[in-house]
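Order-wise, the sequence lines are chains C and Z.
Each residue of the first sequence is one higher than the one before, starting from 40 at the first, in the working numbering.
Each residue of the second sequence is one higher than the one before, starting from 40 at the first, in the working numbering.
Every residue, glycine too, gets a C-beta built ideally from N, C-alpha and C.
Accompanying notes for the structure given below.
2 protein chains.
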Amino acid sequence: MTSPAIRSDAARNRGRLLDAAAGLIAERGSDIDVREISRRAGVGMGTLYRHFPTKEALLDAALEHVFTSWAEQAAAARTGEAWRDLSTFLGDALSRQTASPGLLDAYCQALPGQAGNTARRHCRQQVAPLITELVQAARQAGELRSDVTDEDVSLLLVALGRIATVVPETAWRRVLHVALDGLRATAATPM
Amino acid sequence: MTSPAIRSDAARNRGRLLDAAAGLIAERGSDIDVREISRRAGVGMGTLYRHFPTKEALLDAALEHVFTSWAEQAAAARTGEAWRDLSTFLGDALSRQTASPGLLDAYCQALPGQAGNTARRHCRQQVAPLITELVQAARQAGELRSDVTDEDVSLLLVALGRIATVVPETAWRRVLHVALDGLRATAATPM
DNA sequence: ACTGAAGCGGAGCAGATGCTCCGGTAGGGT
DNA sequence: ACCCTACCGGAGCATCTGCTCCGCTTCAGT
């Protein structure tokens with residue numbers, strides 16, 4: 040019959056490769072040597088390229104896991120208090136970025152208008168709807184200024200992500216605080 | 040006599056190398072091939088390495104020019120209206136970044152706490168005093184919130200620099216607007 | 001057990017990139 | 001006009017990195 044029945048070692052190695060790639064992305068961003076990925080996964084290079092047509096494909100697959108769990112945890116953290124939810128979402132996202140520098144890099148590569156890479160775009164779509172919801176809720180609660188879009192918030196997040204990898208947490212939290220104050224309805228100055 | 044008297048062709052070639060490097064940094068950031076620099080300068084690789092011990096040294100020298108002229112033009116644009124000066128400084132800096140993606144990258148590499156590279160740090164010091172002045176003036180005028188430091192503003196600039204290279208000007212100007220609103224004394228929420 | 005096809009490992013290829021070396025060239029003081 | 005020396009150019013070296021190739025291994029259906 041047509042029962043391809045994936046071999047057990049193949050499945051195991053595929054998982055190891057994804058874990059290794061995700062770990063390395065977390066530690067050092069998306070600029071990694073394929074040899075290092077395969078070494079960390081405990082497999083050979085041939086195995087890597089049997090499972091993924093290209094290095095980029097592997098990184099995309101690994102990132103998708105990362106983004107999915109980010110979206111899940113962020114959704115679970117919602118309390119219903121709109122403003123609080125929005126600001127903790129941003130703070131948590133930046134914390135996450137501090138711990139794994141590749142995260143918002145990947146998100147940035149998926150911004151509309153960026154060249155190509157549909158897989159990265161798919162990563163972004165794991166989180167984008169959540170941002171839209173948080174923004175809408177905060178706006179309807181009258182706490183977020185009404186002329187701010189979800190894309191503005193996305194961009195703000197990506198921007199802050201750059202400094203989150205570079206300066207200590209106390210420093211970027213100050214800037215986040217300022218940015219949040221700028222997002223408040225009470226601070227609005229005509230665009 | 041002790042008249043080293045730099046040869047004319049040497050001086051000319053050194054200038055060409057600096058121009059070529061600055062141009063390429065502007066167009067594509069700091070990740071450039073030495074072969075391309077020397078080709079654009081119309082000289083050979085040997086010439087490049089006669090004048091600069093390393094690629095980094097050449098880039099540092101080229102960036103110093105760029106930063107100097109940035110600082111000069113920004114200082115010349117001051118009007119005395121504190122808030123206006125601060126916000127146009129930020130807008131102009133981001134415009135500059137849009138035109139030459141390597142700019143704030145270099146500035147970012149010179150942030151305190153970053154690893155090494157004294158030359159890059161020297162680049163930052165071309166602009167840092169100006170930021171300090173602008174921040175002090177705006178604060179004394181009572182328009183900038185009092186709990187914000189010049190380093191906060193630097194970080195904000197670097198952060199916004201990331202998106203300035205990636206989305207159209209209308210998009211990053213919106214985010215800048217929000218950030219500026221957050222900097223206003225009237226928007227301040229306790230840190 | 002048996003067997004054959006899917007899977008595995010890592011040497012090696014091709015191209016990119018920072019830098020060096022050295023035979024030849026040309027500036028500029030005499 | 002001459003010559004010495006600083007200077008020039010670019011072939012070539014060493015290294016890195018994404019990817020392929022192919023002989024050997026191991027799973028899983030019988």
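By the CB criterion at 8 angstroms, V82 (chain Z) and R55 (chain Z) fall inside the cutoff. Against chain C, a Cβ distance below 8 angstroms from T171 (chain Z) picks out nothing, because the smallest value is about 17 angstroms. Following the DSSP letters along the chain, one finds A145 (chain Z) inside the alpha helix (DSSP H) bounded by residues G141 to Q148. As summarised for the region 49–76 of chain C, there are no continuous alpha helix (DSSP H) elements at least 4 residues long confined to that stretch. In the three-state reduction of the DSSP assignment, R135 (chain Z) falls in the helix class. The C-alpha of L57 (chain C) is placed about 35 angstroms away from the C-alpha of A121 (chain C). In terms of Cβ geometry, F91 (chain C) and A100 (chain C) form a close pair [threshold 8 angstroms]. R79 (chain Z) sits in a helix when the DSSP states are folded into three classes.
Beta-bridge partners of L183 (chain C) (DSSP): C:R223. Taking 8 angstroms as the threshold, the shortest C-beta distance from T228 (chain C) to chain Z falls below it.
CA-CA distance, R53 (chain Z) to A60 (chain Z), rounds to 11 angstroms.
In this structure, the alpha-carbon of Q179 (chain C) lies about 50 angstroms from that of A49 (chain C). One alpha carbon belongs to V206 (chain Z), the other to D186 (chain C), and they sit about 19 angstroms apart. When Cβ-Cβ separations below 8 angstroms define contact, W122 (chain Z) makes no contact with chain C. Interface with chain C (8 angstroms Cβ-Cβ cutoff): G130 (chain Z) is excluded. Between G221 (chain C) and chain Z, the shortest Cβ-Cβ separation is below 8 angstroms. Closest by C-alpha distance to G62 (chain Z), out of Z:R212, Z:T171, Z:A210 and Z:L98, is Z:L98. In summary, the residues of the region 144–159 of chain Z whose CB is separated from some CB of chain C by less than 8 angstroms are C147, L150, G152 and Q153, in the order they occur in the chain.
E182 (chain Z) has its alpha-carbon roughly 34 angstroms from the corresponding atom of A65 (chain Z). CA-to-CA, the gap between T228 (chain C) and I71 (chain Z) works out to about 42 angstroms. Around the beta carbon of A226 (chain Z), 16 or more other beta carbons sit within 10 angstroms, so the residue counts as buried. In the assembly as shown, Q112 (chain C) is an exposed residue. Its beta-carbon has fewer than 16 other beta-carbons within 10 Å. Taking every protein chain shown into account, the CB of I202 (chain C) has 16 or more other CB atoms within 10 angstroms, so this residue is buried. Neighbours of R213 (chain Z) across chain C, judged by C-beta separation under 7 angstroms: D191 and M230.
By the Cβ-count criterion, I45 (chain C) is exposed, with fewer than 16 other Cβ atoms from all chains shown falling within 10 Å of its own Cβ. Contacts with chain Z at 8 angstroms (Cβ-Cβ) include L195 (chain C). Residue-level contact check: R201 (chain Z) touches chain C, since one or more beta carbons of chain C fall below 8 angstroms from its beta carbon. Non-local C-beta neighbours of R74 (chain C) in its own chain, meaning closer than 8 angstroms and more than five positions away in sequence, comprise M84, ordered along the chain. Excluding its 5 nearest sequence neighbours in each direction, R223 (chain Z) has no C-beta neighbour in its own chain below 6 angstroms.
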